[in-house]
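According to the working numbering, the residues represented by the sequence shown are 82 to 188, in order. From the three backbone atoms N, C-alpha and C, an ideal C-beta is built for every residue, glycine too. Structure first, then comments.
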Amino acid sequence: MNWTTALGLLAATLTTLSFLPQVIKTWRMKSAEDLSLGTFGMLCTGVLCWLVYGLLIGDLPIVLANAVTLVLAGSVLVLAVTYKWRSSDNPPEPSSSASTASSESLT
Numbered sequence: 082m083n084w085t086t087a088l089g090l091l092a093a094t095l096t097t098l099s100f101l102p103q104v105i106k107t108w109r110m111k112s113a114e115d116l117s118l119g120t121f122g123m124l125c126t127g128v129l130c131w132l133v134y135g136l137l138i139g140d141l142p143i144v145l146a147n148a149v150t151l152v153l154a155g156s157v158l159v160l161a162v163t164y165k166w167r168s169s170d171n172p173p174e175p176s177s178s179a180s181t182a183s184s185e186s187l188t
């Protein structure tokens with residue numbers, strides 16, 4: 082294996098695995114409050130296009146890297162949609178200090 086192939090494999094591995102910490106954090110926190118659904122939606126669409134492209138040209142490294150990336154980025158997207166949907170159904174109740182502060186400002 083030459084150094085350019087090794088560099089390409091390293092780049093594909095790091096780029097693909099870069100989504101793993103976000104998947105783990107989103108899963109553990111049960112929150113996706115600060116994630117942009119638009120960003121992850123566009124990212125998943127782009128990765129899907131790369132995956133199809135790799136399949137069409139028969140390039141196994143492109144297929145494998147983008148299949149794993151799609152699973153990881155797609156997981157973040159699904160978790161984000163799920164948690165945002167759940168939080169919109171159950172909005173947090175105002176805390177007593179917040180309601181006290183707002184009633185004090187009215188007097």
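- Here L151 has C125, V128, L129 and L132 as same chain residues with Cβ atoms under 7 Å from its own Cβ, once five neighbours each way along the sequence are excluded.
- For F100, the three-state secondary structure derived from DSSP is coil.
- A residue is called buried when at least 16 other Cβ atoms come within 10 angstroms of its Cβ; L153 meets this threshold and is buried.
- Between the alpha carbons of L136 and V144 lies a gap of roughly 6 Å.
- Between A161 and T97, the C-beta gap is not smaller than 8 Å, which leaves the two residues out of contact.
- If you look at G119, you'll find it in the alpha helix (DSSP H) that goes L118 to I138.
- Annotated three-state conformation of A148 is helix, per DSSP.
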